[in-house]
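**Student:** Questions regarding the structure given below will be posed in turn.
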Amino acid sequence: MNQLTYTDLKALILACRSDLEELFESGDLSDTTFDEIDFDSLSRTELAEKINDSSGKEIPDDIVFEAATPRVLLEKVNAYLTGT
3 MNQLTYTDLK ALILACRSDL EELFESGDLS DTTFDEIDFD SLSRTELAEK
53 INDSSGKEIP DDIVFEAATP RVLLEKVNAY LTGT
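Using the numbering used here, the first residue of the sequence shown is number 3, and each one after it goes up by one.
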């Protein structure tokens with residue numbers, strides 16, 4: 003995988019927290035903070051593992067833990083994957 007799309011990331015987030023599906027269906031949450039949706043450290047750890055599995059690369063955990071929103075996370079993961 004060269005880049006992660008918002009759709010890919012949303013699917014990975016929902017794989018960690020299926021209870022958020024209705025919220026994601028209600029609109030674009032790319033700028034909603036992970037804190038606002040109660041996406042805790044355990045969920046972030048699981049998300050980091052799922053990103054690693056889907057990308058085939060070991061993404062540093064701090065990328066996942068420091069990103070405030072899905073949009074920022076997507077930008078940071080893609081920058082890491084493409085080396086930019």
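A virtual CB, placed ideally from N, CA and C, is assigned to each residue, including glycine.
#1: Please report how far the alpha carbon of Asp33 lies from the alpha carbon of Phe26, in whole angstroms.
#2: Assuming Ser57 contacts Leu11 (C-beta within less than 8 Å), just tell me the rounded distance between them.
#3: Taking 7 Å as the cut-off, decide whether the C-beta atoms of Lys78 and Ala69 are in contact.
#4: What residue from Leu76, Leu31, Gly29 has the CA that sits closest to Leu49's CA?
#5: Under the rule that 16 or more other beta-carbon atoms within 10 Å means buried, what is Pro72, buried or exposed?
#6: Measure how close the beta-carbons of Val66 and Arg46 come, nearest whole angstrom, since I'm counting them as under 8 Å.
#7: When the Cα of Glu51 is compared with those of Thr9, Leu14, Tyr8, which residue comes out closest?
**Tutor:** Judging by the given coordinates:
#1: Asp33 and Phe26 have their alpha carbons spaced roughly 12 Å apart.
#2: That pair is no contact at about 11 Å.
#3: yes
#4: Leu76
#5: buried
#6: 5 Å
#7: Leu14
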